[in-house]
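Take the position in the sequence shown, starting the count at 1, then add 20; the result is the number in the working numbering. Beta carbons are placed, not taken as given, at the ideal position from N, Cα and C, and that holds for glycine. Keep in mind that this is a model prediction, so the values were computed, not measured. Below is one structure, written out as structure tokens; the observations come after it.
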Amino acid sequence: MARPDEVRRYNRSTLLRTLHLTGPCTRASLAGELGLNRSTIKTLVDGLAGAGVVAERVPRTQRQAGRPSLLVLPRPEAAVVLAVDVRVGHVALALVGLGGQILGRDGWNLRERTRTPEEVITRLVESAGPLAADLGVRPVACGISVPGVVRRADGHVHEAPNLRWSDVALGSRLTRALDMPVVVGNDAELGALAENLRGRATGAADVVFVSADIGVGGGVIAQSASLRGGAGYLGEIGHMAVHPGGRPCYCGSTGCWETEVGEAAFCRALGLPETSSRGRVVAALRELRADDEGARRRIGDLAEWLTLGLVNVVNLFGPELVVLGDLFTELPAPVLDDVDRAVRARSLVSRALGGVRVRTSALGTDVKLLGAAEAAFEDVLDTV
Ligand SMILES: [Zn+2]
21 MARPDEVRRY NRSTLLRTLH LTGPCTRASL AGELGLNRST IKTLVDGLAG
71 AGVVAERVPR TQRQAGRPSL LVLPRPEAAV VLAVDVRVGH VALALVGLGG
121 QILGRDGWNL RERTRTPEEV ITRLVESAGP LAADLGVRPV ACGISVPGVV
171 RRADGHVHEA PNLRWSDVAL GSRLTRALDM PVVVGNDAEL GALAENLRGR
221 ATGAADVVFV SADIGVGGGV IAQSASLRGG AGYLGEIGHM AVHPGGRPCY
271 CGSTGCWETE VGEAAFCRAL GLPETSSRGR VVAALRELRA DDEGARRRIG
321 DLAEWLTLGL VNVVNLFGPE LVVLGDLFTE LPAPVLDDVD RAVRARSLVS
371 RALGGVRVRT SALGTDVKLL GAAEAAFEDV LDTV
């Protein structure tokens, strides 16, 4: 049987996690949500308020007669994490407070020369310190998203081909450089986490997040937990071999899904050079919005490859929802509707589940940054 102090600690972190994810709650709704009686909630909230972790106020809508149920609010500055999203062309960092609010952000573009792990780590340390000082906060942990194959236990980046990184001990090097615990995650895995906790897939137990940046990655939430495989390498769905005799892929294989639906494939479909900037690709996609049939003609092949891969993904993982991120969110609406319908019609598992939905992310370009923050918060919420 658990000791009373263990029960109290467990209840405290559960309550904090609820406030962190759902925002301000009344004491009454916390009691209902956590299945605890009101006096236990009062003791917990009083303790957290005394420690400066939460604040309480009278809800604006409840100023009528009678004793109001106080609203409990997380205090963002009570626990702050550093979130970092390393992409091929850009690094974004943010300080995120308890409750998930971005308190401040910074970022810089990466060029060939500045894309080395050494340069990224140095610039990160140089940027994070002044940002925290400006805001008057002190981050207690860091989460960092990397587009590559990451060993979750120690944050070792086995390979991040588009960054040209291999065998980088990023977790231990950043822990030393920043002097705080660091969680390194694959970008799509962290995207899935963000969608599940704060985005389109909130409340869903089984979700697949698929995003197209330069490469294509996937993150899987199964029964409300991130699916990682033994070492954390699961999810390289961009390298599903889907096209016999297809294009060579930098991973050493040919006909990978990514070669048909990644950024280079978007460029080819739009008649742009494969080296076009992201802004140019997005602008060309947006131009197609006024012309449904033109969009279907231009993007038809890419949409068919997208559908084919998603049918495989749905049949493999049986999610209730597939969330598409990054460049996929710019696809014209009729194309997305076609993909959504076709995946439902052609996936056996989708039919068995009563219709898997394919939707686009609503978290925009912050999705991986927010996922990195949540990965960092996982341990922090137990110790605040
Ligand atoms: Zn490949």
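According to DSSP, residue pairing for isoleucine 241 in a beta bridge involves Val227, Ser246.
For histidine 263, the CB stays at least 7 Å from every heavy atom of ligand 1. For leucine 144, the CB contacts under 8 Å within the same chain, skipping 5 residues up- and downstream, are Val104, Val111, Leu113, Leu194, Ala197, Leu198 in chain order.
Taken from the Cβ of serine 89, every heavy atom of ligand 1 lies 7 Å or farther away. Note that the C-beta distance between aspartate 233 and valine 108 is below 8 Å. Ligand 1 has a heavy atom closer than 7 Å to the beta-carbon of histidine 259.
Rounded to whole angstroms, the gap between the alpha carbons of histidine 176 and glutamate 313 is 46 Å.
Not a single heavy atom of ligand 1 lies less than 7 Å from the C-beta of glutamate 179.
In this structure, the straight-line span from the alpha carbon of cysteine 162 to that of alanine 212 is close to 18 Å. It is roughly 5 Å from the alpha-carbon of proline 167 to the alpha-carbon of aspartate 207.
If you ignore the 5 residues before and after arginine 364, its C-beta comes within less than 6 Å of the C-beta of Ser370, Gly375, all in its own chain and listed in chain order. Remark: the shortest separation between the CB of glutamate 278 and any heavy atom of ligand 1 falls under 7 Å. Nearest Cα to valine 302 within the set Leu351, Val202, Thr60: Leu351. Take proline 79, set aside five residues on each side of it, and the residues of its chain with a beta-carbon closer than 6 Å to its own are Leu91, in chain order. Counting only residues of its own chain and dropping the five nearest sequence neighbours on each side, phenylalanine 348 has a CB closer than 6 Å to the CB of Ala232. The bridge partners DSSP lists for arginine 125 are Ala114. Within the chosen limit of 7 Å, ligand 1 reaches the beta carbon of serine 273 through at least one heavy atom.
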